[in-house]
Amino acid sequence: MPYPPKAVPSRRSGLAACAVLLAALLPSLPASAANDLPPPKAGGEAMPPVEVTITAQNETPQCAPAELRLPAQSNVDLHVINQSNLQVSITAPQIFQNKNVLHHDGDVVHVASNDAYLIKANGKGEIRLRTIAAGEYTYGCTSTNRRDATFTGKLTLVDPTR
């Protein structure tokens, strides 16, 4: 006479056990484990998108505005519009590093150097990012065809509480 079959846990019950374990562990992880930036401020940080437009003169990219002013250590929705027939990289110190980019979409591609985004010719895209500490920095736009002809602009990050 055969023994009754043993109860075999179903795949669903295994997943449920993993979910319970994960839920128990998550509160013990520090909030900044994935990112060393301060968390967004209470009440949200929704702000209108900031637009950067790229044109070209004599195969040299020009970015507008030449003086870009953004809140420091805040989430920013940067809309980039390339009106030129050049592929252009937009750069800024530390801002386009993976740890600071929250999302990107459209005709933009993260550059392997981790310091820039490439915008295709006549393309547009959105880059949601977390800005760094307050201060004055430079930002630039460079054509992939002429790296010697770079536009340099001023990036001012201001304390949003002032």
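Here the sequence shown stands for residues -33 to -1, 1 to 129, where the numbers follow mature numbering (1 follows the signal peptide of the UniProt record, and there is no 0).
Quick reminder that beta carbons are idealized off the backbone N, C-alpha and C, glycines included.
Count the other CB atoms within 10 Å of the CB of residue i; is the residue buried (16 or more) or exposed (fewer)?
i: Ser80; result: exposed
i: Pro28; result: buried
i: Leu(-13); result: A caution first: Leu(-13) carries a pLDDT of 40, below 50, which makes its placement in the model unreliable, though a value can still be read off. Exposed, because fewer than 16 other Cβ atoms sit within 10 Å of the Cβ of Leu(-13).
i: Gly102; result: exposed
i: Asn42; result: buried
i: Asn67; result: buried
i: Gln54; result: buried
i: Asn52; result: exposed
i: Thr111; result: exposed
i: Thr128; result: exposed
i: Asp3; result: Residue placement at Asp3 is poorly supported in this model, since its pLDDT is 45, which falls under 50; the coordinates are not used for a value here.
i: Ala100; result: exposed
i: Ala33; result: exposed
Just to confirm the assignment, what range does the beta strand (DSSP E) spanning residue i have?
i: Ser110; result: Gly102 to Ser110
i: Ala23; result: Val17 to Gln24
i: residue 143; result: Only positions -33 to 129 of the chain appear in the structure, and residue 143 is not among them; the question remains open.
i: Ile48; result: Asn42 to Asn49
i: residue 134; result: Lying outside -33 to 129, the shown extent of the chain, residue 134 is not represented and no answer is given.
Is residue j closer than 8 Å to residue i when the C-beta atoms are compared?
i: Leu124; j: Leu96; result: no
i: Thr58; j: Ala83; result: yes
i: Arg113; j: Glu26; result: yes
i: Thr98; j: Ile62; result: yes
i: Asp126; j: Ala39; result: yes
Look up residue i in the DSSP assignment and give the residues it is bridged to.
i: Leu56; result: Here residue 56 turns out to be Ser, not Leu, going by the sequence shown. Its beta-bridge partners are Leu85 and Thr109.
i: Gln29; result: Thr22
i: Leu69; result: BP columns for Leu69 are empty, so no partner.
i: Arg97; result: Asn42
i: Arg36; result: Thr123
i: Gly90; result: Bridge partners of Gly90: none, in fact.
Just to confirm my understanding: we take residue i, look at its own chain, exclude 5 residues before and 5 after, and list those with CB closer than 7 Å. What are they?
i: Thr119; result: Thr105 and Gly107
Counting only the same chain and skipping the five closest in sequence on each side, list residues whose C-beta sits under 6 Å from that of residue i.
i: Gly73; result: Lys91, Gly92 and Glu93
i: Leu45; result: Val17 and Ile94
i: Leu122; result: Leu35, Ala59, Tyr104 and Tyr106
Take residue i and list the residues in its own chain whose beta-carbon comes closer than 8 Å to its own, dropping the five residues that flank it on each side.
i: Asn65; result: His77 and Asn81
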